[in-house]
Structure formats: C-alpha cells, structure tokens
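Working notes, structure below.
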Amino acid sequence: MLASAIIVFREVLEAALVVAVILGATKGLKGRSAWVGWGIAAGALGAVVVAAFMDKISQALSGVGQPIFEAAVLLAAVLMLGWHNVWMSRHGKRIAQELKRLGSEVNLGSKSMTAIFVATAIAVLREGSEIVLFLYGVAANGAGAWSIVLGGVLGLLGGVAVGFALYLGIMKIPVRHFFRVTGWMILLLAAGMASQAAAFLNQADLLPSIRDSVWNTSWLLSGQSIAGNVLKTLVGYTPDPSALQLVFYAGTILAIGGLMKLVQEKQKERS
Amino acid sequence: MKPALNKRGSVPAALLLSFISAQARAFSLWGPGAPLPAYKIAIVGRSFSPAALTVPAGQKFKLIIFNKNAEPSEFESFTLHREQVVTAGAQTIVFLGPLTAGSYGFFDDFHSGVTGTLKATDDKPSAKAAPAKDPAKAKP
Chain A
1 MLASAIIVFR EVLEAALVVA VILGATKGLK GRSAWVGWGI AAGALGAVVV
51 AAFMDKISQA LSGVGQPIFE AAVLLAAVLM LGWHNVWMSR HGKRIAQELK
101 RLGSEVNLGS KSMTAIFVAT AIAVLREGSE IVLFLYGVAA NGAGAWSIVL
151 GGVLGLLGGV AVGFALYLGI MKIPVRHFFR VTGWMILLLA AGMASQAAAF
201 LNQADLLPSI RDSVWNTSWL LSGQSIAGNV LKTLVGYTPD PSALQLVFYA
251 GTILAIGGLM KLVQEKQKER S
Chain B
272 MKPALNKRGS VPAALLLSFI SAQARAFSLW GPGAPLPAYK IAIVGRSFSP
322 AALTVPAGQK FKLIIFNKNA EPSEFESFTL HREQVVTAGA QTIVFLGPLT
372 AGSYGFFDDF HSGVTGTLKA TDDKPSAKAA PAKDPAKAKP
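In order, the protein sequences belong to chains A and B.
According to my numbering, the residues represented by the first sequence are 1 to 271, in order.
According to my numbering, the residues represented by the second sequence are 272 to 411, in order.
Below, the structure is given as structure tokens:
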C-alpha cells in the first residue's frame, strides 16, 4: 500500500503543483476555475487514452515515439504558458486595478482562457497516464489490489493537498506584487518544462546533449528527494543538467520574457 | 551530422513536430554513420536481467529493454536522465551515451525495489588509445 501511495503521490504532486500555479496566476479572471476544472477533466480523460495507446505511441516513429510524444506535449505546454504570460503583460495591470478597486473578476473572453485550459490538461495528462499505467499493472497483478487502490487514493489526496497549500500561499501574495510574482512562476515553470523536453529529445536521439552534467548539485539537493521533485516541477531543478537543457531553459526565458517586455513597452507608449 | 538547434519555444508546435518526425525517420532509416551497438536487458518478474550491465564509456549505444511481464514497467534513471515506459510484453529502445566512465543506477519506477546498474568502462580491447581520464573524477 505504501509503495503505491508513494508512486501515486509523486505523480499527482507534480500535476497538482502545475495546476496550483496556473490557478493562482489566473486570479481575477472570470471563469478561470471552470476552465481549469475542465482542463483537469480533459487531462484525466486524455491520460486514460494515452495509457491505452502507450503501446502504439512507443512503437511509433521507429521506436522513439514515447520520448518524442513527451517532448511535443511539454513544448505545447511551454507555448501555452508563454502565450498566457505575454497576454498577461498586456492585461495584468488592468486586472490588478479592477481587483483592488472592485474586488471583482474581469471577463476578458474565452479566447484568453484556452491556453490555461490546454496547459492544465497537459499537466494532468502527462502525470495521469503514468498513474493509469501503474494502476493497470496493479489490477493485472490481482493480489492485494484493494490495499494498493487505497494507497493510490491516499497518494492522490496527499498530492492534491500539497497543491492546494501552494495555491493558498500564492493567493496570499499582495495584489500589487501579485502578477509580477505569478508571471515569474509561470515563466520558470515553462522554462523547466522546456528543459525536460530537451532531455526527452536527447533520449529520442534527436538532439545531442552537447555536454552532460555541466554541473552537479546532487550533494546539495538530490533529484530523488521530495523537495528536489517539487523544485523540478516548479522551476525545472535538475541536479546535473546537460548543456542542451540549459540552452532550452535559457532560450525559453529569453523568448517569453523578451516578448513580455516588448508588449509592456508598447502598452506604456500607448498610455 | 548534427541536427540544427532550432530556436526553441518560439517555434510553432506543428512545425517542430514535423521537423522532429522527419528527423526521427531519417535517423532510423539511414542512421548517422555506423549503426549503434545495442545492449539488451529484460525485466523479468521483480528484477532486471541482467541486473548489472557493462558498456563501453565514451560512445553512443542503444539499450533495448524487454518487458517479459504481463504488466507495464517504467525504466528510469536519475543519473542517466532517462524515463521510459515499457508496456506489458513489449520492448523499447533507449538511446544512451556517450557516458563518462562510472556506475549508473536505474530502476523500475512502477515497482519499488527493482533496480539495476549500468557500468560504463574505459578498459576495453581497442586499437585506439583511450582518452586520458582521471578515474577519480568518474561519477560514483
């Protein structure tokens, strides 16, 4: 039971942290809970589909379908988060003002929420498909299935609880700093995903690592620890990143951050 | 011949995908130079077989993982930066290397306690002089 609780907890935790950041960063946007909720539902459904077709995915593209799928999905999430951030650098100020003045949510249309929906769904789909595969194995195994399912439920509750705690923490950030902080959180989240995607592209033998382990901080914080896992999800912490991962990480920050800056400058000119 | 490093993040997903799949096909059909050496490992019951595998350091290779069980497993390694599901009764290819000489642990992420070790070693009968490497610097 403990083993399944730990495995499910770890996967749920990763998805829950991403969802918490997304939900936090969309504070003040009308209908965000519904969009994130539907994102979770779509992600869960997608997880089952992906798990069912994992055989096909694995054998696709001459046997490297799986890491390529992972990389593609991660990069899609990076695009969505980047798009949201650029969009927020245009509207964030107004939302913050409305929140301060009226305490009410702003309706900026459903178009802007699609990115949120997709990014949420992807986060749930990635971790969810692993849970489905794992639990499928457990079910196929038969023996002691109930205790393992109980462990899975405990793991799920634990992961959701940590995600909820992070969300509450984010909501405590004062309004005047709020969107700057959440903007950075989304940016680092996206950069971390890009770096993970880089690792998968190297795993599929599509890109060279350029150089393995540019540094190694596993003595300080191992990637296997819970804290290491949390930081991996939130800011892309890797104890020993390859040069390729660093290029992707920095490239994402520069690309999204640059676009945000550009949009902000334009906004200033207009006002 | 190395694939070009595209501007990441800003590339439209569709373009990137088609680029990636084209590369994947190109690589497997013609391959960059000589075909990679392949090493095989199986997951049988609750263990890797063999649990310890020796591979040459400093060169790329393929690890072919067979899952002989009726349930899925996930080959994972922190030090090798690999994470790949092997569905029930199937096999999967994991590209690795070039590795620095040393020992790398891996495990089955779906079954706790199922572990194995990959040992990358420089000492192999080779006409070429092995590059000078400080063994003390090798990874634990």
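Cβ coordinates follow ideal geometry from the N, Cα and C atoms, glycine included.
Quick check on the DSSP output: the alpha helix (DSSP H) that includes residue i runs from which residue to which?
i: D240 of chain A; result: First-last for D240 of chain A: undefined, no H or E at that position.
i: Q97 of chain A; result: 65-101
As a quick exercise: from the options, pick the residue whose alpha carbon is nearest that of residue i.
i: S4 of chain A; options: B:F381, B:V365, B:F349, B:T386; result: B:F381
i: G137 of chain A; options: B:D393, B:A391, B:T386, B:D379; result: B:D379
i: L133 of chain A; options: A:K266, A:K268, A:I7; result: A:I7
i: S89 of chain A; options: A:W146, A:E269, A:G257; result: A:G257
i: A391 of chain B; options: B:P369, B:S383, B:V385; result: B:P369
i: L99 of chain A; options: A:A44, A:P174, A:L234; result: A:P174
i: D212 of chain A; options: A:V50, A:A25, A:A199; result: A:A199
i: F332 of chain B; options: A:V230, A:L234, A:A204; result: A:A204
i: E130 of chain A; options: B:Q355, B:Y310, B:F349, B:A309; result: B:Q355
i: T182 of chain A; options: A:E11, A:L2, A:V18, A:V160; result: A:V18
i: T120 of chain A; options: A:G152, A:N141, A:A15; result: A:A15
i: Q59 of chain A; options: B:G384, B:L367, B:T350, B:V357; result: B:V357
i: A20 of chain A; options: A:L244, A:G163, A:G28, A:Q97; result: A:G163
i: I57 of chain A; options: B:V315, B:S348, B:I364; result: B:I364
Step through the CB atoms of chain B and report whether any lies within less than 9 angstroms of the CB of residue i.
i: I6 of chain A; result: yes
i: Y136 of chain A; result: yes
i: L154 of chain A; result: no
i: L13 of chain A; result: no
i: N141 of chain A; result: yes
i: N202 of chain A; result: yes
i: T120 of chain A; result: no
i: S213 of chain A; result: yes
i: T238 of chain A; result: yes
i: M54 of chain A; result: yes
Return no unless some Cβ of chain A is closer than 9 angstroms to the Cβ of residue i.
i: S320 of chain B; result: no
i: D380 of chain B; result: yes
i: T386 of chain B; result: no
i: A361 of chain B; result: yes
i: S374 of chain B; result: no
i: V326 of chain B; result: no
i: F377 of chain B; result: no
In whole angstroms, give me the CA-to-CA distance for residue i and residue j.
i: M185 of chain A; j: A250 of chain A; result: 15 angstroms
i: S374 of chain B; j: V326 of chain B; result: 10 angstroms
i: K111 of chain A; j: E70 of chain A; result: 26 angstroms
i: T388 of chain B; j: G376 of chain B; result: 5 angstroms
i: P317 of chain A; j: L246 of chain A; result: Outside the shown range of chain A, which is 1 to 271, sits residue 317 of chain A, and nothing can be said about it.
i: E345 of chain B; j: Q267 of chain A; result: 48 angstroms
i: A25 of chain A; j: A123 of chain A; result: 15 angstroms
i: H91 of chain A; j: Q362 of chain B; result: 49 angstroms
From which residue to which residue does the beta strand (DSSP E) around residue i run?
i: S112 of chain A; result: It is not in any beta strand (DSSP E) - S112 of chain A instead sits in the alpha helix (DSSP H) that spans 111-141.
Residue i: beta carbon under 8 angstroms from a heavy atom of the ligand GDP?
i: H382 of chain B; result: Ligands in the displayed structure: none, and consequently the ligand GDP is not present.
Using a Cβ distance threshold of 8 angstroms, determine whether the segment 330-345 of chain B contacts the segment 38-50 of chain A, with at least three qualifying pairs required. Contact check between the segment 330-345 of chain B and the segment 38-50 of chain A: fewer than three CB pairs, one atom from each, fall below 8 angstroms, which does not count as touching.
Pairs of beta-carbons, one from the segment 112-120 of chain A and one from the segment 74-82 of chain A, closer than 8 angstroms: are there three or more? Yes: at least three Cβ pairs fall under 8 angstroms.
Three or more C-beta pairs below 8 angstroms linking the segment 180-196 of chain A and the segment 58-67 of chain A: Per the Cβ contact rule, the segment 180-196 of chain A is not in contact with the segment 58-67 of chain A (fewer than 3 Cβ pairs under 8 angstroms).
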